[in-house]
Amino acid sequence: MVMVFLALAMCLIGAAAGGEPARPPKPAEFANVFSFGYGSDEMPKDDARFDALLARIKAAGFNTIHCTYTGNRLALCRKHGVKMMVDLLAADTGHHVYKTVEIAKALCESLRGNPDLWGYNIWNDEFGKTGLGRLRDLANVRTWDPTHPAYCGTYRTHGMGHLTSADVFGYYDFHWRRGPEAHFPHLMA
Numbered sequence: 000m001v002m003v004f005l006a007l008a009m010c011l012i013g014a015a016a017g018g019e020p021a022r023p024p025k026p027a028e029f030a031n032v033f034s035f036g037y038g039s040d041e042m043p044k045d046d047a048r049f050d051a052l053l054a055r056i057k058a059a060g061f062n063t064i065h066c067t068y069t070g071n072r073l074a075l076c077r078k079h080g081v082k083m084m085v086d087l088l089a090a091d092t093g094h095h096v097y098k099t100v101e102i103a104k105a106l107c108e109s110l111r112g113n114p115d116l117w118g119y120n121i122w123n124d125e126f127g128k129t130g131l132g133r134l135r136d137l138a139n140v141r142t143w144d145p146t147h148p149a150y151c152g153t154y155r156t157h158g159m160g161h162l163t164s165a166d167v168f169g170y171y172d173f174h175w176r177r178g179p180e181a182h183f184p185h186l187m188a
């Protein structure tokens, strides 16, 4: 009994001392995301072409686009009623969650509370031994912008246990390339 009380007291003290930043509110709507890769900017650079793309994806039933941030793109998203999921893995744009931390921080802080933003993409790969780094990134984004979720995705189960507190978590697999015999065991893990 005393041990249980001490363990509970230690947990409460740890929580009161700071610990993990609070989770953002859950998204108000399910994100049906249009994405064309991550880690670089593959979307149309020309505003007119990006505008046309948004019109097409909205008509196709998407309500969120995963892309790198620009002010013009976010304004076009607002025009079409499509939320933006900011790719924080695109080093070529300057706002990378762990390679250019101060720039990513400034961007997230500037987008805090913006209703046209769905959230942030901070990881799309195996976690493996990088779990602690992803926890750091998740805590950073929660601190910089506590009003939007951070998405983490993977296609392997190795290292997934590190992200039991992810805001939004996705598991995907390349089953069309690897075949069902390699796909289903990962889903059963």
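Going by numbering that gives the first Met the number 0, the sequence shown opens with residue 0, and the numbers climb by one from there. Ideal Cβ positions, reconstructed from N, Cα and C, are used throughout, including at glycine.
{"Check": "Can you give me the Cβ contacts of Ala103 inside the same chain, cut-off strictly under 7 Å, excluding the 5 residues immediately before and after it?", "Outcome": "Leu87, His94, His95 and Val96"}
{"Check": "Among Thr129, Pro114, Pro145 and Met42, which has the Cα closest to the Cα of Ala27?", "Outcome": "Pro114"}
{"Check": "Residues bridged to Met83 by DSSP?", "Outcome": "Ile64 and Leu116"}
{"Check": "Can you say whether Asp144 is buried or exposed, counting buried as having 16 or more other CB atoms within 10 angstroms of its CB?", "Outcome": "buried"}
{"Check": "Quick check: what's the CA-CA separation for Ala59 versus Asn71?", "Outcome": "22 Å"}
{"Check": "Along the chain, where does the alpha helix (DSSP H) that runs through Val32 open and close?", "Outcome": "No alpha helix (DSSP H) contains Val32, which is instead part of the beta strand (DSSP E) from Val32 to Ser34."}
{"Check": "What residue does the alpha helix (DSSP H) around Ala59 start on, and which one ends it?", "Outcome": "Looking at the DSSP string, Ala59 is not in any alpha helix (DSSP H), and its letter there is neither H nor E."}
{"Check": "How is the alpha helix (DSSP H) around Ala103 delimited, first residue to last?", "Outcome": "Val100 to Leu110"}
{"Check": "For Ala54, which residues in the same chain have their Cβ closer than 7 Å to its Cβ, ignoring the five residues on either side in sequence?", "Outcome": "His79"}
{"Check": "Can you tell me whether Gly130 is helix, strand or coil according to DSSP?", "Outcome": "helix"}
{"Check": "Using a Cβ-Cβ cut-off of 8 Å (strictly less than) and excluding sequence neighbours within five positions of Ile56, which residues of its own chain qualify?", "Outcome": "Phe33, Ile64 and Val81"}
{"Check": "Express the C-alpha separation of Met83 and Leu73 in angstroms, rounding to a whole number.", "Outcome": "7 Å"}
{"Check": "With H, G and I counted as helix, E and B as strand and the rest as coil, what does DSSP make of Thr153?", "Outcome": "strand"}
{"Check": "Using the three-state DSSP reduction, which class does Gly191 fall into: helix, strand or coil?", "Outcome": "Nothing in the structure corresponds to residue 191, since the chain is present only between 0 and 188."}
{"Check": "In this structure, how does DSSP classify Gly38 when only helix, strand and coil are distinguished?", "Outcome": "coil"}
{"Check": "Apply the 10 Å Cβ neighbour rule to Pro148 and answer buried if 16 or more other Cβ atoms are within range, or exposed otherwise.", "Outcome": "buried"}
{"Check": "Across which residues does DSSP place Phe168 in a beta bridge pair?", "Outcome": "Cys151"}
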